[in-house]
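Participant: Throughout the sequence shown, residue numbering follows the UniProt record's numbering, covering 1 to 156 in sequence.
Handing you a structure now.
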Amino acid sequence: MIRANAAKYPISAQCRILGVPRSTYYWMVEHPEVERADPIAGDVRAIWRDSRQRYGARKIKAALGRKGVTASRRRIGNIMREQGMTSSYARKTFKPHRTRADEAKLANLLDREFDGYAPRTHLASDLTYVRVGAAGRTCACWSIWRTGASPAIPPV
Numbered sequence: 001m002i003r004a005n006a007a008k009y010p011i012s013a014q015c016r017i018l019g020v021p022r023s024t025y026y027w028m029v030e031h032p033e034v035e036r037a038d039p040i041a042g043d044v045r046a047i048w049r050d051s052r053q054r055y056g057a058r059k060i061k062a063a064l065g066r067k068g069v070t071a072s073r074r075r076i077g078n079i080m081r082e083q084g085m086t087s088s089y090a091r092k093t094f095k096p097h098r099t100r101a102d103e104a105k106l107a108n109l110l111d112r113e114f115d116g117y118a119p120r121t122h123l124a125s126d127l128t129y130v131r132v133g134a135a136g137r138t139c140a141c142w143s144i145w146r147t148g149a150s151p152a153i154p155p156v
């Protein structure tokens, strides 16, 4: 745009109005965009492609480091963003809680016999986490079950 209007208006005035330093304008004229491509962009794309499009900037940085190429994670992230590369990863899966060797086991007082008790003498509860939406938010749901209650008694 500045070059197109160079015959009508002075370059310094155009740069001042657009908020672009004159040195930047002249540098851009001398260095076309073809020359401004990052030299490690090809390596970043190759590592990303070889990882089946799973690696992010951190793992690509480590892979480049093993090849002897030094680059910052921000630089790699910018290259990935400019070329439309995104990493894919597996969501964390549920792992059942295992009792550690030094933990005391809880006593099973009811011995799974929930029938035959007087109403409202034994309660069972459960706290469940439910994943809500794609952002990984969770919602805690707490349920209480009454045991031995007769149908005439309204729910608690």
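C-beta atoms are modelled at their ideal positions from N, C-alpha and C, and glycine is treated no differently.
Please read all numbers here as calculations on a predicted model, not as lab measurements.
1) I'd like the span of the alpha helix (DSSP H) that includes A41, first residue to last.
2) Once you ignore the five residues that flank A57 on each side, which residues in its own chain have a CB closer than 7 Å to its CB?
3) Please report the distance separating the alpha-carbon of V130 from that of L18.
4) Pick helix, strand or coil for F131, following the three-state DSSP scheme.
5) Buried or exposed: which applies to Y55, given that a residue is buried once 16 or more other Cβ atoms fall within 10 Å of its Cβ?
6) Please report the straight-line C-alpha distance between I11 and W27, rounded to a whole angstrom.
7) Within the present structure, is the beta-carbon of G77 separated from the nearest heavy atom of the ligand ADP by less than 6 Å?
8) Using DSSP with H/G/I as helix, E/B as strand and the rest coil, what is N78?
9) If you run the structure through DSSP and keep just helix, strand and coil, what is M28?
10) If we count the other Cβ atoms within 10 Å of its Cβ and call it buried at 16 or more, is K61 buried or exposed?
11) With DSSP run on the structure shown, which of helix, strand or coil describes S23?
Facilitator: According to the structure data:
1) Counting along the chain, the alpha helix (DSSP H) containing A41 begins and ends at A41 to D50.
2) Sequence-distant Cβ neighbours of A57 in its own chain, meaning closer than 7 Å and more than five residues away, are R73, I76, G77 and M80.
3) Rounded to whole angstroms, V130 to L18 spans 52 Å at the Cα level.
4) According to the sequence shown, residue 131 is Arg rather than Phe. Three-state result, R131: strand.
5) Per the 10 Å Cβ criterion, buried.
6) Each residue's Cα considered, the two are about 13 Å apart.
7) Questions concerning the ligand ADP fall outside what the structure shown contains, since it holds no ligand whatsoever.
8) For N78, the three-state secondary structure derived from DSSP is helix.
9) DSSP places M28 in helix when its eight states are reduced to three.
10) Result: buried.
11) Here S23 carries a helix assignment [DSSP, helix/strand/coil].
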